[in-house]
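First comes the structure, then the notes that go with it.
Numbering (our numbering), first residue to last: 648 to 949.
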């Protein structure tokens, strides 16, 4: 699957270069796309050592809480994220509301999938960078969007027959390819010691064309497996996956719901989403979950 994704990245990079990179004297498109085209995996940053060790140990069938705790306690960022996640409303409500202040009880409360979510959230935060030239705000907006989509995906997952914790993790990761691209911009800006010059229309086109295969490749490099990578690679469902992939459908709907909520377009039309995404999950079952979910209260009229 890595070779398939790498080829998609190469093809789309060539298309972008042909369309936007004609005048290399005025723009940096050739330099920006060259590494993506020639060595796609090289632009994906490896997670911190403690995160990699924790993922490896957590996936062993007979690992102990003590061993996991030893690894977490070597990384203050992981430790803080673990306790924060274990004390979040979702886990506290579902598994008993007493605050947790130490690692072993937090690990026990979260379970294996919850631990992976903690690691993934740290890895995504670590992918945030400062691409400069007015792009810092855009990178932050991508991160905020991913954080909002994750709980939406978890809540909707049962309607699609998907695992809620897997849906949460992939909701948190679904647009990570955009952060990978921004990292490439930041690296190039650092090497050139000046802002990156981009033609009008290049950035949105590059993000649109590259973020799915880049994000999917990142998931494979981080060891999340083919099914997760497949869902992220096709979360815009263009074209829809065959055979159907419930996680891809969850991501498609959760992302659209978040984007529509932020656009001020009003209540989303779920039937329209089902048609545009060619979804196979039963609409009434998902609609019933959506109707029960809490909504933000609108501000009172002045």
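C-beta: ideal position from N, C-alpha, C; glycine also.
For the region 894-901 and the region 915-926, state whether three or more C-beta atom pairs, one from each stretch, are separated by less than 8 angstroms.
-> yes
What is the DSSP secondary structure of residue 916, counted as helix, strand or coil?
-> One-based indexing of the chain shown puts residue 916 at position 269. In the structure shown, residue 916 sits in coil (DSSP, three-state: anything other than H, G, I, E or B).
C-alpha gap between residue 895 and residue 822, whole angstroms | The residue you call residue 895 lines up with position 248 of the chain shown. The residue you call residue 822 lines up with position 175 of the chain shown. Near 13 angstroms, if we compare the C-alpha coordinates of residue 822 and residue 895.
Inter-residue Cα distance where the pair is residue 811 and residue 841 = Against the chain shown, residue 811 aligns to sequence position 164. Against the chain shown, residue 841 aligns to sequence position 194. So the alpha carbons of these two residues sit roughly 44 angstroms apart.
With distances taken Cα to Cα, identify the nearest neighbour of residue 756 among 740, 936, 771.
-> For the purposes of this step, residue 756 is taken as the residue at position 109 of the chain shown. For the residues 740, 936, 771, the minimum Cα distance to residue 756 belongs to 740.
Presumed contact (8 angstroms Cβ cut-off) between residue 689 and residue 682, rounded CB distance = Counting from 1 along the chain shown, the entry for residue 689 is found at position 42. Counting from 1 along the chain shown, the entry for residue 682 is found at position 35. Residue 689 to residue 682, Cβ: 6 angstroms. Contact.
Run through DSSP, which three-state label would residue 722 get?
-> For the purposes of this step, residue 722 is taken as residue 75 along the chain shown, with counting starting at 1. Three-state DSSP puts residue 722 in coil, outside helix and strand.
Contact check, residue 782 vs residue 849 under 8 angstroms by CB: the rounded distance?
-> For this step, residue 782 is matched to residue 135 along the chain shown. For this step, residue 849 is matched to residue 202 along the chain shown. In fact, because the Cβ distance is near 12 angstroms, the residues do not count as touching under 8 angstroms.
Thinking C-beta only, is residue 918 closer than 8 angstroms to residue 906?
-> As a working note, residue 906 is residue 259 in the chain shown. As a working note, residue 918 is residue 271 in the chain shown. Cβ distance not < 8 angstroms, so residue 906 and residue 918 don't count as in contact.
Assigned exposure category for residue 909 - 16 Cβ within 10 Å defines buried = One-based indexing of the chain shown puts residue 909 at position 262. Burial call: exposed.
Taking contact to mean at least 3 C-beta pairs separated by less than 8 angstroms, is the region 694-714 in contact with the region 760-773?
-> yes
So, is residue 853 buried or exposed, given that buried needs 16 or more other C-beta atoms within 10 angstroms?
-> Numbered from its first residue, the chain shown carries residue 853 at position 206. With 16 or more Cβ atoms within 10 Å of its Cβ, residue 853 is classed as buried.
Could you tell me the distance, in whole angstroms, from the CA atom of residue 915 to the CA atom of residue 851?
-> In the chain shown, the residue the question calls residue 915 occupies position 268. In the chain shown, the residue the question calls residue 851 occupies position 204. Approximately 24 angstroms, taken between the alpha carbons.
Less than 8 angstroms separating the beta-carbons of residue 817 and residue 775?
-> On the chain shown, residue 817 is found 170 positions in, with the first residue counted as 1. On the chain shown, residue 775 is found 128 positions in, with the first residue counted as 1. Contact flag unset, no.
Do residue 846 and residue 667 have their C-beta atoms within less than 8 angstroms of each other?
-> For this step, residue 846 is matched to residue 199 along the chain shown. For this step, residue 667 is matched to residue 20 along the chain shown. Yes, the pair counts as a contact, with Cβ atoms nearer than the cut-off.
Quick one: grab the DSSP three-state call for residue 707.
-> On the chain shown, position 60 is the one that residue 707 refers to. Three-state DSSP puts residue 707 in coil, outside helix and strand.
Could you tell me the distance, in whole angstroms, from the CA atom of residue 660 to the CA atom of residue 680?
-> Counting from 1 along the chain shown, the entry for residue 660 is found at position 13. Counting from 1 along the chain shown, the entry for residue 680 is found at position 33. One C-alpha to the other measures close to 6 angstroms.
Residue from 711, 749, 707 with nearest C-alpha to residue 727 | As a position in the chain shown, residue 727 is number 80, starting the count at 1. It is 749.
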